[in-house]
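Chemist: Those letters in the sequence shown? Residues -5 to 262, per our numbering, in order. Structure incoming, see below.
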Amino acid sequence: MRVFIAVDIEGISSMVDWRDQSDFEARRWMTEDANAAVRGAFEGGASYVCVRDCHGPARSIIPEALDERAELCRGWDNLHGMVDGVESGFDALMLVGWHARYGTESGVMAHSWSGIIRNIWVNGVEMGEVGLAAVIAGAAGVPVAMVSGDDALAKEAQALLPGVRAAVVKHGLNRLAGRCLSPSRARRVIEDTARAAVAEQRAAAYGTQWPASIEVRYQHRGQASWAARVPGVRREGDYGIATEVADAAALKDILFCCNRLAHACDLY
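As structure tokens, then:
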């Protein structure tokens, strides 16, 4: 069984504030959470594990500290896919250190892919980063087997993905505060959850009806105005855009291009 582990940073154990990123400790926490998932995957029966660093510049995991049995994908190839590579013959996807979508009450560092995005809908279903990952992986027949993060992330994932296992390593108090398990206990939870996810294989790939409708709501009108310059994209209300995409590859392309243009505008 081939397992793909995508590791973000906001949902890792002990992490509650983006200011922790400037500290080497945050990278170490991220790497140790990844290692826990790697151990669990192999204990559950995985034959191969690939770890994808998918936070920021995708160079946060400490290579020399990663479990030597896993291979590490660093840096961005297509610049817009947090789970790029999962389409290459994998049997299960794990999302380690992920977070709830923007606006989630008590979701620690909750956001939806970019600080300028408020909401994303695919075929009318509101999604955060977990949902988008499930859509992309599901198009290749790959299920999201487990997630790790806070309790808000677990609730969001399990509502969308029946059968997914969730390792809760902290409970949100507000957007920048949480009640965290001790690091050693958190990693045992991740390892145990990963082991069970691989051994039981109870998760199913998320199914999306293609072509799919996409709607994005931004923080400011100007962002929506600039994003709507992408061919085939139209304005939807004051703050939103909408379009239809043929497949998962087109979904990634559209979201990336719209987001880059929206970032380029002056806020007004």
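Just so you know, even glycine gets a beta-carbon here, dropped at the ideal spot from N, CA and C. Every value quoted in this text rests on a predicted model; they were computed, and no experiment measured them.
1. Within 10 angstroms of its Cβ, does residue 153 collect 16 or more other Cβ (buried), or is it exposed?
2. Let me know the secondary structure DSSP gives residue 88 once reduced to three states.
3. Using DSSP bridges, identify the partner residues of residue 142.
4. So, using beta-carbon positions, are residue 77 and residue 28 closer together than 8 Å?
5. Whose C-beta lies closer than 7 Å to the C-beta of residue 3 among residues of the same chain, with five residues either side of it excluded?
6. Of all the options 94, 187, 138 and 180, which has the alpha carbon lying nearest to the alpha carbon of residue 147?
7. Tell me, please, whether the stretch 109 to 119 touches the stretch 209 to 222 by the rule of three or more beta-carbon pairs shorter than 8 Å.
8. Taking the CB atoms as reference points, tell me whether residue 30 and residue 248 lie closer together than 8 Å.
9. So, helix, strand or coil for residue 147, using DSSP?
10. Considering only the alpha carbon of each residue, which of 207, 84, 201 and 99 lies closest to residue 43?
11. Could you name the residues of the same chain whose beta carbon sits closer than 8 Å to that of residue 116, not counting the 5 residues immediately before and after it, in chain order?
12. Near residue 219, what residues of its chain come up, given a Cβ to Cβ distance below 8 Å and the 5 sequence neighbours on each side ignored?
13. Between which two residues does the alpha helix (DSSP H) containing residue 26 stretch?
14. How many angstroms separate the CA atom of residue 40 from the CA atom of residue 79?
15. Just verifying my parser: in three-state terms, what is the DSSP assignment at residue 192?
16. Work out the CA separation of residue 149 and residue 199 for me, nearest whole Å.
17. Looking at the secondary structure, which residues open and close the beta strand (DSSP E) in which residue 259 lies?
Modeler: Taking the coordinates as given:
1. exposed
2. strand
3. 161
4. no
5. 9, 15, 20, 24, 49, 54 and 91
6. 94
7. yes
8. no
9. helix
10. 84
11. 125, 126, 129, 202, 206, 207, 208 and 245
12. 229 and 259
13. 18 to 38
14. 17 Å
15. helix
16. 18 Å
17. Run containing residue 259: none; DSSP gives neither H nor E here.
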